[in-house]
Amino acid sequence: MRNLVMKDLKLGVNPMFFLFPVIIGALMLVPSWLYFLVPLYFCWITIPNIFGGFRTQNDLMFTTMMPVTKKDIVKARVTAIVILELLHIVIAMIYGAITLRIYPHLIYHFFAPHLGFWGLCFVMMGLFNVVFFPMYYKTAYKYGGATTASITAAMLFAGVAQWVGIENSFVSDTFNGTGADNLALQLSILIAGIVIFMAFTLIAYRMAAKRFLKVEIL
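Everything in the sequence shown is counted per our numbering, starting at 205 for the first residue and increasing by one.
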């Protein structure tokens with residue numbers, strides 16, 4: 205299992221995508237920006253390029269020639285992508301913390317990068333996973349439709365969440381007002397988001413593995 209994950213990360217992922225979170229994460233330093241866009245860049249750019257690379261390298265045929273099960277193949281791929289997602293979010297969180305220190309009195313029109321906001325980002329990424337992986341592993345080859353559907357789901361979540369955050373005074377106060385200074389509340393939202401991310405990703409893996417078992421590899 206570990207060797208499969210390392211194979212995906214070392215052979216299947218261009219080293220540029222390990223540097224990409226550092227570059228894109230710097231957008232968190234833009235004052236009062238729409239910060240949901242930062243994790244969405246992972247969905248828009250990283251995922252299509254990585255899975256396009258896997259297909260170009262004929263990774264599926266190569267991997268299935270190894271003495272591993274189909275479930276392990278799916279588990280390793282999901283694990284590798286989750287590692288990249290966590291790298292993307294954690295680096296963005298560091299930039300976000302710097303932003304809060306640099307602009308302590310900034311008025312945010314969108315969600316400020318407090319801990320609760322990152323809980324929403326984890327939910328968004330979990331939603332992306334639960335749509336993408338089961339669709340992709342219907343063929344384990346075609347990624348276009350799965351990418352489009354999962355990006356659409358993530359963007360809809362981000363759009364609705366941000367709209368509610370602007371229009372609803374309670375939500376706005378929770379994320380940008382007095383609730384932003386309530387560490388217990390912010391941590392609770394973050395932890396809830398992480399739990400949802402884990403649950404969605406586990407569901408995504410199980411559905412994807414079940415579908416991949418039916419795929420005939422020629």
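We treat Cβ as the ideally placed atom computed from N, Cα and C, and that holds for glycine.
Note that the coordinates shown come from a computational prediction; the quantities given were computed from them, not determined experimentally.
Buried/exposed call for residue i, threshold 16 Cβ in 10 Å
i	result
Gln366	buried
Arg281	buried
Asp385	exposed
Ala350	buried
Leu387	exposed
Phe240	buried
Ile400	buried
Thr268	exposed
Arg259	exposed
Arg415	buried
Lys346	exposed
Met297	buried
Where residue i falls: helix, strand or coil (DSSP)
i	result
Pro243	helix
Lys275	helix
Phe315	coil
Leu417	coil
Ser236	coil
Asn386	coil
Val450	With the chain covering only 205 through 422, there is no way to say anything about residue 450.
Asn262	coil
Lys214	helix
Tyr345	coil
Whole-number beta carbon distance between residue j and residue i, since they are thought to touch under 8 Å
i	j	result
Ser236	His313	6 Å
Gln261	Gly323	Their Cβ separation, rounded to whole angstroms, is 36 Å, which puts Gln261 and Gly323 out of contact at 8 Å.
Leu331	Ala358	6 Å
Cβ-heavy atom distance, residue i to the ligand GTP, below 7 Å
i	result
Gly256	Ligands in the displayed structure: none, and consequently the ligand GTP is not present.
- Task: Could you tell me whether the stretch 234-247 touches the stretch 278-294, where touching means 3 or more Cβ pairs closer than 8 Å?
- Result: yes
(Q) Check whether the stretch 306-323 and the stretch 246-262 touch, using three or more Cβ-Cβ pairs below 8 Å as the test. (A) no
The stretch 294-311 touching the stretch 337-356, judged by at least three CB pairs closer than 8 Å:
no
At least 3 beta-carbon pairs within less than 8 Å: the stretch 266-283 vs the stretch 355-370: no
- Every unbroken alpha helix (DSSP H) inside the stretch 278-333 [4 residues or more]: none
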